[in-house]
Structure formats: C-alpha cells, structure tokens
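For reference, each letter of the sequence shown is one residue, going 444 to 641 in my numbering.
Beta carbons: idealized from backbone N, C-alpha and C, even for Gly.
Quick caveat, the model's predicted, so the values are computed rather than measured.
Following: one structure in structure tokens, then a few remarks.
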Amino acid sequence: VTITSICFAFFGVPVGPLVDGGVLKILGRHKDQYGRQRMFGSISFGVASSLVGFITEWTSDMNAIFYIYALSAICFILVAGNTQFKSERSPRPYYYRTSSSSSKVPTAATSSARPKMTRSDSVKPSHYNEPSNMIELLKRSEVSLFYLTMMLMGASLNMVTSFLFIYLKQELGASSSQIGLTGLIGSSTELIFFFYSR
C-alpha cells in the first residue's frame, strides 16, 4: 500500500498543474477565461464522485473504484493525446526571390509599416530579468511567499481530504453513497467562484 501511495503521488499529483498549464496555453490571450474552463473540472469531479459512491454501494465491492479510475484514466489519456497545443516558437521568416535577372538570392520579406522601436521598448526594467536558476528564483521574496502559501494551503487541504472520509465512515457510519455526495456538495461551492473569476 505504501509503495502504491508513493507511486500515485509521484505520477498523479503533477497531472493537475500540467493540465492547468495546458489550458492556459490553449487560451492564449484569453487567460481571463480560465475560471470558466476550470469550472467544468469541478462539475465532473462532483458528478464522478457521487456516481462512484453509488456504484460502490450497489456492487458492495471496493475494487469498483479502481476499475472506474482505470477507465477514466484511459479516457483522459486519449483526450489529452489528441489535444492540439499552441506552439511557443516564434514563426520563421518567409523568403521571396528578387526580380533581378542577375541574381536569384532569397531575400527576407520585411514590412515597410514596421513601427520603430523606442528606447522604452528595447530596454526593460531590471525586475523583468528572468532568473537563471532555481536558487535565484527562490531568493525573490514574492516567490518565496507564494511557495510558502501554497505549502501551507496544501498541508491543510490534504489533512482534510485524508481524514474526512475515514471519520465519516468509521465514526459517523456514513455509507459509500453518502461519502460520494460530499464530493458533489463540495465541488458545487466552487462553481460560482470559478464562473466569476477573472
């Protein structure tokens, strides 16, 4: 069980941030619409958790959880594998041949309407310099504060998700369907925040 938990945490936990990064890349300049895309994740989580709870109670077999998880993982891989992401590479310059009879040398096409670059455009402030390694990144106070906030939030959230269902099952005698409904109720509270987030 310990090895399985470690493998699940190692391979499963990075999926969420990777999916979020992929969604932001697909949105492009419309990153303010991220909340409305993420909203469907909460809907599917709530519906799936309640369905799994009812199926587990109906079959009286806890192994149904793993079968459903494997099926949903296969569906996720198929969808993610066929999703087209925008390339971050800059487009290559196109060329055309000159009309000169003496030479057919390809020449890069340039636009005469290209705006002139001012000093304010060419020179960026010092705080725009990207760090060259992880240590320089962590030296920034805003980055360290962000990571500390994420660590504290993750610790408190994981304690709730790890022990809440055990408490409901062993102390309160909740059924599998009732435990599944907690996911539906919990995810429904996120919808209004994701819908209006910018």
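Within 10 angstroms of its Cβ, does residue i collect 16 or more other Cβ (buried), or is it exposed?
| i | result |
| --- | --- |
| M594 | exposed |
| T447 | exposed |
| G471 | exposed |
| M482 | buried |
| G464 | exposed |
| S493 | buried |
| G524 | exposed |
| G455 | exposed |
| T445 | exposed |
| G489 | buried |
| T553 | Unreliable placement is indicated for T553, whose pLDDT of 48 sits below 50; no coordinate value is reported for it. |
Work out the CA separation of residue j and residue i for me, nearest whole Å.
| i | j | result |
| --- | --- | --- |
| H516 | L588 | At residue 516 the sequence reads Ala, which differs from the His that was named. Their backbone Cα atoms lie some 34 Å apart in a straight line. |
| F398 | E614 | It is not possible to answer for residue 398, since the shown part of the chain is limited to 444 through 641. |
| S584 | A598 | 21 Å |
| Y639 | G478 | 7 Å |
| V586 | A452 | 24 Å |
| M596 | L461 | 19 Å |
| G484 | F528 | 19 Å |
| Y590 | G459 | 17 Å |
| V661 | K612 | Lying outside 444 to 641, the shown extent of the chain, residue 661 is not represented and no answer is given. |
| D475 | I520 | 26 Å |
| S503 | G616 | 15 Å |
| V466 | Q480 | 8 Å |
| I635 | L624 | 19 Å |
| Y610 | M602 | 12 Å |
| D564 | F637 | Any reading at D564 must be qualified, since the residue scores a pLDDT of 48, below 50, and its modelled position is unreliable; the value itself is stated next. Taking the straight line from one Cα to the other gives about 35 Å. |
| T592 | L580 | 16 Å |
| C450 | G626 | 24 Å |
| R641 | F608 | 33 Å |
| G522 | E573 | Residue 522 is actually Val in this sequence, not Gly. Their Cα atoms are separated by approximately 34 Å. |
| N506 | S487 | 21 Å |
| H473 | T526 | 18 Å |
| I469 | K582 | 31 Å |
| T604 | C518 | 25 Å |
| M577 | L600 | 26 Å |
| P457 | A491 | 20 Å |
Review point. Where in the segment 564-639 do unbroken runs of the alpha helix (DSSP H), each at least 4 residues long, occur, reported from the N-terminal end onward?
Key: 577-581, 584-613 and 619-639
Point to revise | Cβ contact check for the segment 614-627 and the segment 499-515: 3 or more pairs under 8 Å | key: yes
Exercise for review: Could you say if the segment 506-520 and the segment 624-635 meet the contact criterion of at least three C-beta pairs nearer than 8 Å?
Suggested key: With a cut-off of 8 Å, the segment 624-635 and the segment 506-520 do not count as touching, because too few Cβ pairs lie within range.
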